[in-house]
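Trainee:
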Amino acid sequence: MFTNLITGLVRVLAALKPPTAQAHCDTAEGPAVTDGRRSLETGNINHALTWIPAEGEAELRDVFEKALTVRSLGADAAELADRLFLETLVRLHRMGEGVGFTGIQPVGTQVDPVVVAADEAIAQGSDAALLPMVPAERRAELDKRFRAALAVKDFDVDDVAAGRRYLAAYVSFFTYAEGEEHEHEHGHEHGHELSHAH
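Just so we're aligned, residue 7 is where the sequence shown starts under this note's numbering, counting upward by one.
#1: Using DSSP with H/G/I as helix, E/B as strand and the rest coil, what is Q111?
#2: In three-state DSSP terms, what is T56?
#3: Three Cβ pairs or more, each shorter than 8 Å: is that satisfied between the stretch 44-64 and the stretch 131-149?
#4: By Cβ distance below 8 Å, which residues in the same chain neighbour L148 in space, the five residues on each side in sequence not counted?
#5: Please classify T48 as buried or exposed, where buried requires at least 16 neighbouring CB atoms within 10 angstroms.
#6: For F91 versus L46, is the C-beta spacing smaller than 9 Å?
#7: Quick one: grab the DSSP three-state call for Q28.
#8: Please report the Cβ distance between T172 and A155, rounded to the nearest whole angstrom; I am assuming they are in contact, meaning their Cβ atoms lie under 8 Å.
#9: Assign A174 to one of two classes, buried (16 or more other C-beta atoms within 10 Å of its C-beta) or exposed (fewer than that).
#10: Count the other C-beta atoms from every protein chain shown that fall within 10 angstroms of the C-beta of D41, then say buried if there are 16 or more, exposed otherwise.
#11: If you follow the alpha helix (DSSP H) that G280 is in, where does it begin and where does it stop?
#12: Determine the direct distance from the alpha carbon of D82 to that of G104, and round the result to whole angstroms.
#13: Suppose contacts are defined by Cβ-Cβ distances below 9 Å. Is A127 in contact with F152 by that definition?
#14: R43: which of V121, E85, A167 sits nearest, CA to CA?
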């Protein structure tokens, strides 16, 4: 049985495209992958579920349970299982955005300084360093989206709906900071039939 699981994981991974993704959430150090790793470490998939639309939940749960089983077979098996789970997570997230998945970018991938500043703003609870990095006419709206994200940031990990509400606000904030709100928001709204974009 375990041999079949490993063989299946190898087949799926071989079919995936090389890691050339272009988005913050596609990076090995990005927030989606970080929450995916937290799910693997704790055995609680809810950390990862907030990143995907409800219609992807069954697939992610299936891969997660298989990954947990395979992880117990040794270091190589654990590495393979983790990779499959994390790539499935990011693929489902990107599909929810209406964007194709091209892999997870490696550790050390350059990230737009505005994105780094937006991450720091969320972590520190202040967008004072971020606002001067965007055009003056965008600052009021960016601050509004930042405050909307902060208002729903502290949610119970087991309340997936609340997590998805936070991610919707988080994505709205980030895409506006990057200047890509029109393209991304359309994809998020289309991909998440939850009454909340993500």
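Note that beta-carbon positions come from the ideal geometry of N, C-alpha and C, so glycine has one too.
None of these values were measured; they are calculated from a predicted model.
Mentor: By the coordinates alone:
#1: In this structure, Q111 counts as strand in the three-state DSSP scheme.
#2: It is coil, neither helix nor strand.
#3: Taking a cut-off of 8 Å for Cβ pairs, the stretch 44-64 and the stretch 131-149 do not touch, as fewer than three such pairs fall below it.
#4: Listed in chain order, the non-local C-beta contacts of L148 below 8 Å within the same chain comprise D133, L136, L137, V140, F179, Y182, A183, local neighbours out to five positions each way being set aside.
#5: So T48 ends up on the exposed side.
#6: Contact flag set, yes.
#7: With a pLDDT of 42 at Q28, under the threshold of 50, the predicted position of this residue should be treated as unreliable, though the coordinate-derived value follows. In this structure, Q28 counts as coil in the three-state DSSP scheme.
#8: Here residue 172 is Tyr; the residue named in the question, Thr, does not match the sequence. Taking C-beta atoms under 8 Å as the contact rule, Y172 and A155 qualify, at a distance of about 7 Å.
#9: Under the 10 Å beta carbon count, A174 is surrounded by 16 or more other beta carbons and is classified as buried.
#10: Buried is the call here.
#11: As displayed, the chain neither begins before 7 nor continues past 204, which places residue 280 out of reach and without an answer.
#12: Going by the C-alpha atoms only, they are around 33 Å apart.
#13: Between A127 and F152, the C-beta gap is smaller than 9 Å, which places the two residues in contact.
#14: The candidate whose alpha carbon is nearest that of R43 is E85.
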